[in-house]
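Mind the numbering: the sequence shown is residues 1 to 438 in UniProt numbering, read in order.
Glycine included, C-beta positions come from ideal geometry on N, C-alpha and C.
In what follows, a structure is listed as structure tokens, so that the remarks can point back to it.
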Amino acid sequence: MATSTKLVESLGNLERDSFLSLLSNLIAESRHVQNNPPELIPEEDRVVNHLLNSLLPFSTTTGGGPLILNHVTYFPGRGNLIVEYPGTVPGKILSFVGCHMDVVTANPNNWDFDPFTLSIDGDKLRGRGTTDCLGHVALVTELMRKLGETKPNLKSTVVAVFIANEESSAITGVGIDALVQDGLLNKLKEGPLFWIDVADKQPCIGTGGMIPWKLHVTGKLFHSGLPHKAINALELAMDAIKEIQLKFYKDFPPHPQEQVYGFATPSTMKPTQWSDPEGGINQIPGECNISGDVRLTPFYNVKDVMKKLQEYVDDINENVQKLESRGPVSKYVLPDEGLRGSLTLTFDEASSGVACDLNSRGFHVLCKATEEIVGNVKPFSITGSLPLIRELQDEGFDVQCVGYGLMATYHAQNEYCLFSDMSQGYQVFASIIAQLEN
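Here it is, written out as structure tokens:
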């Protein structure tokens, strides 16, 4: 216990001036690390260069300290950075991963302040990436810099992994997927991996999978004064979606584990977008498109749900004449013309949710540190999706999730975080390292 206390004291508190100086440099690069291909391809090495400026003086590269730096690049200008503070006991390790160096887009015309310049309003640190996720990049960099500067004698190796390409899956083989494939993170499986890219200072113990879907509906276009000669694609779409949803909620009801993990909602399947060809108000449309998503708690299998959705659509197509319709001439078959309304279902790339291991040592030390520093611990789960972490869990990593931005400003206009929250995050990390020494 005395050793742990000494370690926490040596790491001290988050140094405001150093942190803000680094964060200011990172936010100044946020314009160049927006991730929205093909228009905007981030240049994460612009961020890496600032991290190296902070860490190189305490690295084996310069001889100034113990930090081992590995700048790994798969595409020009789009690097990842692995930072290691070596411990004395082989196989004893913990890691802070998930701090990504790309950001979502920001239109300065819609903001109350310049999104690409750090501005400070009391406790508020404002700019694109302050919450997601350049604030965390700066925070974990400051932790590793302090380790390199103070050189505590640790049993555990502490590793930080700053990654490229988290905000878009349109391009692969750039970030953590490539690092895992190349085995560069294998040794992190020997200890807890803390994914630092959520918000509100509490452990996030569950996330949702996401299945984006699109339903193309084909009917028959005709004059609205002669509805008996048309198949109304809009009405067919509405009735089909209702039928699909009823079947979905029967087959995938609230799961008992959702209460254990504190999910705010069960799995859901719903439309979110609607489009149809332009036409006159006196034309019954012959086709339309509905898009939406399934948000799936991690206790159900994504592939099983996709298979079921296709079965629902196939059944409607085979029995469209039995589908409940609306009124005496809202029919989905025209026998005299040999026409039937039909549905075509397609999917975009799906992802699975994650349920963190609640028996993990990593989870227990995170909860204890959170209670000590924040004052309470209230683990939560959401059916929002966090890309990449389920894949890490499936590869054998003990993934625990936490973050110190603000959920209310994630991907939002006028994004900001609080310095006080980041300071508490620094203390939580110090406590985690200290606890795992015992």
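Under the three-state reduction of DSSP, ILE432 is assigned to helix. When the alpha-carbon of ARG326 is set against those of ASN289, GLN400 and HIS228, the nearest one is in HIS228.
Listed in chain order, the alpha helix (DSSP H) runs fully inside the stretch 167 to 252 are 176 to 181 and 233 to 251, counting runs of at least 4 residues. Across the set GLY79, VAL305 and PHE222, the C-alpha of VAL305 shows the shortest separation from the C-alpha of LYS247.
Linking SER420 to ASP200 through their CA atoms gives a straight-line distance of about 12 Å. Of all alpha-carbon atoms in LEU343, LEU309 and LEU334, the one lying nearest the alpha-carbon of ASN317 is that of LEU343. One thing to note: GLY353 has its Cβ within 9 Å of the Cβ of LEU296. Here DSSP, grouped into helix, strand and coil, assigns MET306 to helix. Between VAL97 and ALA160, the C-beta gap is smaller than 9 Å, which places the two residues in contact. Residue pairing for GLU371: DSSP places it in no beta bridge. GLY362 and TYR85 have their C-alpha atoms spaced approximately 18 Å apart. Of the candidates GLU243, LYS303, PHE429 and LEU234, PHE429 places its Cα closest to the Cα of LEU139.
Judged by DSSP in its simplified three-state form, ALA160 adopts strand. The criterion of a C-beta distance shorter than 9 Å is satisfied by GLY206 and SER381. Excluding five sequence positions before and after ILE163, the CB atoms of its chain that fall closer than 6 Å to its own CB belong to ASN80, HIS100, GLY175 and ILE176, given in chain order.
Where PHE96 is concerned, the enclosing beta strand (DSSP E) starts and stops at 93 to 100. The beta carbons of GLN202 and VAL377 sit about 7 Å from each other, so the pair counts as a contact at 8 Å. Counting only residues of its own chain and dropping the five nearest sequence neighbours on each side, VAL313 has a CB closer than 6 Å to the CB of LEU343 and LEU345.
The Cβ atoms of ASP197 and CYS401 lie closer than 9 Å to each other.
Annotated three-state conformation of PRO271 is strand, per DSSP. Around the beta-carbon of ASP102, 16 or more other beta-carbon atoms lie within 10 Å, marking it buried. Each residue's CA atom was taken as its position, placing SER10 and TYR426 some 13 Å apart. Put simply, the backbone Cα of PRO38 is about 18 Å away from that of TYR74.
Annotated as distal: VAL365 and CYS288, with beta-carbon spacing of 9 Å or more. Excluding residues up to 5 positions away in sequence, PRO152 and ALA434 lie with their Cβ nearer than 6 Å to the Cβ of LEU7 in the same chain. When the five nearest sequence neighbours on each side are left out, the beta carbons in the same chain lying within less than 6 Å of the beta carbon of LYS146 are those of LEU11, in order along the chain.
Collapsing the DSSP output to three states places THR150 in a helix. Taking one beta carbon from each stretch, the stretch 25 to 45 and the stretch 104 to 119 have 3 or more pairs nearer than 8 Å; the two touch. Ranked by Cα distance from SER54, the options GLY262, ARG390 and GLY148 are led by GLY148.
Burial check for THR272: the Cβ neighbour count within 10 Å stays below 16, so the residue is exposed. By DSSP's assignment, VAL399 forms a beta bridge with LEU193. Around the beta carbon of HIS136, 16 or more other beta carbons sit within 10 angstroms, so the residue counts as buried. As the crow flies, the alpha-carbon of LEU179 is around 16 Å from that of VAL399. Linking LYS270 to ASP293 through their CA atoms gives a straight-line distance of about 6 Å.
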